[in-house]
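Visitor:
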Amino acid sequence: MMHYIVRRMLQIIPVLLIISFIVFTLVFIAGDPVALMLPEDAALEEIEQLRESLGLNEPFYIQYGNYVFRMIQGDFGESFRYGQDALSVVLERLPATFELAIAAIVIAIMIAIPFGIWSATKQNSSIDLIATGAAVVGKAMPNFWLGIMLILLFSVTLGVLPVSGRGSIAHLILPAITLGTGIAAEMTRLIRSSMLEILNQDYIRTAKSKGIKSVHVIYKHAFRNALIPFVTITALQTSTLIGGALITETVFAWPGIGQLLIQAVNTRDMAIVQACVMIIAAIVILMNLLADIIYRILDPRIKLN
Amino acid sequence: MKRKQLWFICILFIAIGLLVGCTGEKNGEAGKTEEGNEDNRTLTIALGTDMVSFDVHNHNNTSTEAIHINMFNYLVKRNNETGEMEPDLAESYENIDDLTWEFKLKDGVTFHNGDALTSADVKYSLERVATDTTLLDHANYKTIKEVEVIDDTTFRIHTHEPDPALLNRISRIGSSILPANYIEENGFDHFLANPIGTGPFEFVEWVRDDRIVLKTYGDYFDEKNEEWDEIVYRIIPENSTRVSELLTGGVDMAVNIPPSDWVRVNENEGTYLTQGISNRTLMIFLRSTEGYPTEDRRVREALDLAIDNQAIVDNILGGAGTPTITRVGPGDVGHAEHLYNTYNYDPERAKELLAEAGFKDGFEMTLHSPRGRYLQDAEIAEMVAGMLAEIGVTINIEFMEWSNYLELRNAGENKDAYLLGLGNSMFDAANALDYYRYDRFIGQLDYRNDEVEELLAAAEQNMDAEERNEQYIKIQELLAEDVAHLVLHQESINIGVVDHIDYKPTMDEMIYIDSITRK
Amino acid sequence: MGEQSKAIIDADSQVYMRKRNGTIKRWSKLLLRSKTGTVGLLIVFFITLVAVFAPILAPHDPNAINPGGLHVPPSWMEGGSAEHLLGTDNLGRDILSRIIYGSQVSLLVGIAAVLLSGIIGVCIGLIAGFYGGLLDNILMRFVDSFLAIPTILFSLVFLAVFGPSIITLIIVLGLTNWTSYARLVRGEVLSIKERDFVRAARSIGVKNNKIIIRHLLPNVISTFIVISTLSVASTIILESSLSFLGLGIQPPTVSWGTVLSDGRDYLATSWWLATFPGIAITITVLGIIFLGDWLRDVLDPRTK
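Line order of the protein sequences matches chains A, B and C.
Each residue of the first sequence is one higher than the last, beginning at 0 in numbering that gives the first Met the number 0.
Each residue of the second sequence is one higher than the last, beginning at 0 in numbering that gives the first Met the number 0.
Each residue of the third sequence is one higher than the last, beginning at 0 in numbering that gives the first Met the number 0.
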């Protein structure tokens, strides 16, 4: 097990290097930030001076090398918008996004488990069809549309929940539902199919033939086994979650990493953009690694190699 | 089996608990906002964009200034009703000669840390923006040569050339007076994180993209604020979310209410819409560069004649807004009244002019436009495109995100036309008409009118107010004649307010907390 | 001898392929047996027809503004007019026509992006799976890298740098979606290359690229089709999210995403602006997913 984990950890290094290269190249192509950092009528010498002092006159590979070297030391550069270390700005925003993401997963689970099991046990019935259809609708609804509709319904018309911002648990509900719905759709489909797979396996059939009540069978055997892929799937949704957070946070004025990134892209605050992408990628990678490890622990059938 | 059932019951309970817990909490909160009418001394204002920075000389952003205005003071301020300049930090001022102004500061003005305001603070602040060329507001202050300290409360401002607009200049964005000692002792970064000024409200916290909190400053030198203990600015970028917050009483005021929601805000129990005219003018800037169709005056006039400014105001801006031919609006020094609240519209004549200019079958051009920066900017651009299609001109709109837009213009890579909404915080024609100076936009617009150039140069340093006024009016007439650019309309300010609060927007787009009172 | 064994190998490989992919007759039989599959196919067929015949079907020019007739409700509502079946938008444009024309761009972007990512992903998957070793390792690290950056985040940065247009949109969506192809195709190749006909072909010295093109590529086509259908659906959804962020299709071109996102400010006052394009997206995605699920059931040997 240790051997496996160490090997996977080592694989992370080239992956992060490749990501840093992709992001750096994009930022490099975006052009130099000097134009935005100086007033419109700045003299040419001033522009040149600033370029020189920022190391922007070096060739691409040297600039990239410097960037990676500084990044290893935890220095992602200074955000010109915040006048602050980019990494600390990003880390400051993470808790808000985590809070939202965890709440979204909780909501998604609350929707997906009952629906997934239900439609799997009644395969090809009209219930199954409706559940599948609902899952697709949940997936097809754009986040921003759902978010605005939820605000109009629960806040404006019914007046039971606050509209936006971060604060109490009540503030969390609507954005979490908005973000959770898309994931719930995905989860329902996956739970359904993994349940189906297990229900069709021999030992379940045997249990059934022995006359054990079917409800018992489902919960005791199938559900427990279906949980294994489920755990990993949840972890694998990290990327989708963070992507969805970008939009959900904007609709609900939620001060998380998604809004930070959008603002940074809009104002060309490239230090923040780079730090955001790197941190998010690192989180996604770690979650995937975690998923694999849990998967291996839970499922003894898989050999550790 | 029992364990599994327990598990399920647990999930169920957590779910129910969550729901109950939330609704319970909400009830408590709802109660709070409702009883808040009388006792709540916190004012919450929803903004669409976050503040840029506390560096007052380096943001050049009106909505940022609208917050700063409550924390910092200028030497003089413009009375929004009369248009007269009035003392603010300065008690009196005098124009000693063409190049020198002498000011006397009020007694008893203190910064939020208790330090008294002195001439040294003025010298530091104005000389910083006048000499540091990297500051975004530098261009508006480079006429200031130096600030000479006479004593603790007396100082003189020397200008390089005669500057008839000096008072307007120092009553606006970029001329806030900063605490020199405080900055010297702690460094500018410390100031940016813990800003202090002389204004009626002092800084509490700034959570980026979320909120800015201010509280009343007890030792404010002028009339004390009696209404509010705390001001919370909340950043809510999405229009519909901001409107929903207002409608549900989540905030007391919300800026930039889109026209489609005006009726809702007014009809909703507990909120109303308050409107005012801004001095921001929406314009489409045209390239007069050789090789572009708009180089030809007849083409420019044809475009102008094809646009029904009133239809834009009526249909897209809900009737709020004023069609105009000049950018120098009422209240600005040098305003040409006969060019305001009017527009030219004659699509038939437009077609003739196009044919005369050799574009009988029309032509194709690109219009760059920001989206979401000005009231209904994207809709206006699309409406203009639709109107120009009627005379055979095909417009390709390129919506651009703001920093791309700036970069494009700075690099001179803009194509035929771009849409821009320009305010005029100096309230002086000099600021507005400088946009027609040839040198300023070489490679970007290339509009040149020698008569305008001469008059601009003469008026800029003319200390004879009346003659200067006439020069500026003459310039506007020349520009209207030449159809240099397409002036569309003056924008309106639309703010949603809860019923128990009284507020009227001012033309400068500032939100003076002192003018917000409870009914 | 060589020719003969080649023929045997080819036949073998084709039998394997046919066993997996089946014949048209079997397909249509399977299709009719699945309710959702039939519905999915019908929807996709219908939307494609609409897109192809948009200029004939649309009652109005999708960009014709009408200052006098803004926010006209759908024809069955009070104040609606028969001229605009689904009403007009904030500039008086006919919503039905915009949706009809929007289908063109939404499908074009969806299909082109999926083809692009399919080509990249299948190539990389084939190469990585076939050659294995260090090359496989390096390519898979690239896959991991792209998987680690959320699609919408990558698109946001990419489009901010290169500017939004149909072409850049297709490129960025193509660049972000190829990883799933690469992974699955690689897995397929790993199992197929151990089969007898591939081993035999190798043993008699058939060139590597020939093996890839003749024996491996046809066998991974089914995987390609399954992922592609589902990807078209997610691409259509993603396009509308990018429109929300202001990085979608630019006017005068119309897509469902732009119509939907333009209408979002009017959800409370003129609900039809954003609702109809939303319904169009939902129905299309529903159809594509039903079709894709059915294809997977039919093509995936594991579920047979």
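Quick reminder that beta carbons are idealized off the backbone N, C-alpha and C, glycines included.
All values reported here derive from a predicted model rather than from experimental measurement.
1. Let me check understanding here. Comparing Cα to Cα, which of 442(B), 331(B), 95(B), 94(B) lies closest to residue 78(B)?
2. Would residue 111(A) and residue 190(A) be called neighbours here (beta carbons separated by less than 9 Å)?
3. Kindly say whether residue 247(B), judged by its beta-carbon, lies nearer than 9 Å to any beta-carbon of chain A.
4. Of all the CB atoms in chain C, is at least one closer than 9 Å to the CB of residue 272(A)?
5. Chain C partners of residue 396(B), CB-CB under 8 Å?
6. Hey, residue 71(B) and residue 245(C): beta-carbon distance below 9 Å or not?
7. Excluding the 5 residues preceding and the 5 following residue 462(B) in the sequence, name in chain order all residues of the same chain whose CB lies nearer than 7 Å to its CB.
8. Hey, how far is the Cα of residue 249(B) from the Cα of residue 42(B)?
9. Is the CB of residue 321(C) under 9 Å away from at least one CB in chain A?
10. Sorted by chain position, which residues of the same chain lie with C-beta nearer than 7 Å to residue 232(B)'s C-beta, five sequence neighbours on each side aside?
11. Does the segment 92-101 of chain A come close enough to the segment 245-254 of chain C that 3 or more CB-CB pairs lie under 8 Å?
12. Should residue 237(A) be labelled buried (16 or more other beta-carbon atoms within 10 Å of its own) or exposed?
13. Measuring only between beta-carbons, confirm whether residue 60(C) sits less than 9 Å from chain A.
14. In whole angstroms, what separates the C-alpha of residue 91(A) from that of residue 440(B)?
15. For the putative contact between residue 387(B) and residue 287(B), defined by C-beta atoms under 8 Å, what is the C-beta separation to the nearest angstrom?
16. Can you tell me the Cβ-Cβ gap for residue 273(C) and residue 286(C), rounded? I've got them flagged as a contact below 8 Å.
17. Can you find a CB in chain C that lies within less than 9 Å of the CB of residue 48(A)?
18. Taking only the alpha-carbon atoms, compute the straight-line gap between residue 171(B) and residue 424(B) and give it to the nearest angstrom.
19. For a test of the three-state rule: what should DSSP assign to residue 352(B), helix, strand or coil?
20. Could you pull out every residue in the same chain whose Cβ sits closer than 8 Å to the Cβ of residue 167(C), ignoring the five residues on either side in sequence?
21. Could you check what DSSP says for residue 163(A) in three-state terms: helix, strand or coil?
22. Can you list, in chain order, the residues of its chain with a C-beta nearer than 7 Å to that of residue 30(B)? Leave out the 5 residues immediately preceding and following it.
23. In the segment 238-270 of chain A, which residue ranges form an unbroken alpha helix (DSSP H) of at least 4 residues, counting only runs that do not cross its ends?
24. Determine the contact status of residue 181(B) and residue 112(B), defining contact as a CB-CB distance below 9 Å.
25. With 16 other CB atoms within 10 Å as the buried threshold, where does residue 58(A) fall?
26. In the structure shown, what three-state DSSP assignment does residue 36(B) receive?
27. So residue 234(A) packs on residue 290(A), CB below 8 Å; how close in whole Å?
28. Taking Cβ-Cβ distances below 7 Å as the criterion, which residues of the segment 223-241 of chain B are in contact with chain A?
29. Could you tell me which chain C residues have their CB closer than 7 Å to the CB of residue 135(A), listed as they occur along the chain?
30. Closest by CA to residue 135(B), which one among 57(B), 80(B), 395(B)?
31. Among the residues of its own chain, which have a CB less than 7 Å from the CB of residue 300(B), if the five just before and after it don't count?
32. Measure the C-alpha to C-alpha separation of residue 164(A) and residue 124(A) and round it to an integer number of angstroms.
33. Could you give the C-beta distance for residue 262(B) and residue 495(B), rounded to a whole number, given that I count them as a contact under 8 Å?
34. On the CB-based measure, 16 or more other CB atoms within 10 Å of its CB, does residue 296(A) come out buried or exposed?
35. In terms of alpha-carbon separation, which member of 53(C), 173(C), 42(C), 203(C) lies closest to residue 233(C)?
36. Can you tell me whether residue 61(A) is buried or exposed? The criterion is at least 16 other CB atoms within 10 Å of its CB, across all chains shown.
Guide: Here's the rundown:
1. Of 442(B), 331(B), 95(B), 94(B), the residue nearest in Cα terms is 331(B).
2. Yes.
3. Any Cβ of chain A closer than 9 Å to the Cβ of residue 247(B) would place that residue at the interface, and such an atom is present.
4. Interface residue, yes.
5. Against chain C, the beta carbon of residue 396(B) has neighbours under 8 Å at 249, 250, 251, listed in chain order.
6. Not a contact, by the Cβ cut-off of 9 Å.
7. Spatial neighbours of residue 462(B) in its own chain (CB-CB distance under 7 Å, excluding positions within 5 residues in sequence) are listed in chain order as 97, 161, 163.
8. C-alpha of residue 249(B) to C-alpha of residue 42(B): approximately 11 Å in a straight line.
9. Coverage of chain C is limited to positions 0 through 303, which leaves residue 321(C) absent and any answer about it impossible.
10. Excluding five sequence positions before and after residue 232(B), the CB atoms of its chain that fall closer than 7 Å to its own CB belong to 44, 46, 66, 210, 211, given in chain order.
11. With a cut-off of 8 Å, the segment 92-101 of chain A and the segment 245-254 of chain C do not count as touching, because too few Cβ pairs lie within range.
12. Flag for residue 237(A) reads buried.
13. Look at residue 60(C): its C-beta is not under 9 Å from any C-beta on chain A.
14. Separation of residue 91(A) and residue 440(B) (C-alpha to C-alpha, rounded to the nearest whole angstrom) is 42 Å.
15. 18 Å between Cβ atoms; not a contact.
16. That belief does not hold up - the Cβ atoms of residue 273(C) and residue 286(C) are roughly 21 Å apart, past 8 Å.
17. Not closer than 9 Å to any Cβ of chain C, the Cβ of residue 48(A) fails to qualify, so no.
18. If you take the alpha carbons of residue 171(B) and residue 424(B), they lie about 6 Å apart.
19. It is helical.
20. If we look at residue 167(C) and ignore the five residues flanking it on each side, its Cβ neighbours are 157, 158, 161.
21. Under the three-state reduction of DSSP output, residue 163(A) falls in the coil class, being neither helix nor strand.
22. Low local confidence applies: a pLDDT of 34 at residue 30(B) is under 50, so the model's placement there is unreliable, and no value is given.
23. The qualifying runs are 256-265.
24. Contact: yes.
25. Under a 10 Å Cβ-count criterion, residue 58(A) is classified as exposed, with fewer than 16 other Cβ atoms of the shown protein chains found around its own Cβ.
26. Because the pLDDT at residue 36(B) is just 49, under 50, the model does not fix this residue reliably, and the point stays unresolved.
27. With a beta-carbon spacing of about 3 Å, residue 234(A) and residue 290(A) fall inside the 8 Å limit used to define contacts.
28. Identification of residues in the segment 223-241 of chain B having a C-beta nearer than 7 Å to some C-beta of chain A yields 233, 234, 235, 236, 237, 239, 240, given in sequence order.
29. Those within 7 Å of residue 135(A) in chain C are 284, 285, 288.
30. Ranking the options by Cα distance to residue 135(B), first place goes to 57(B).
31. Here the set comprises 352, 482.
32. So the alpha carbons of these two residues sit roughly 42 Å apart.
33. Contact doesn't hold; Cβ gap of about 12 Å is too wide.
34. Classification of residue 296(A): exposed, given that the 10 Å Cβ count is below 16.
35. The residue with the shortest Cα to Cα distance from residue 233(C) is 173(C).
36. Taking all protein chains in view, the Cβ of residue 61(A) is surrounded by fewer than 16 other Cβ atoms within 10 Å, so the residue is classified as exposed.
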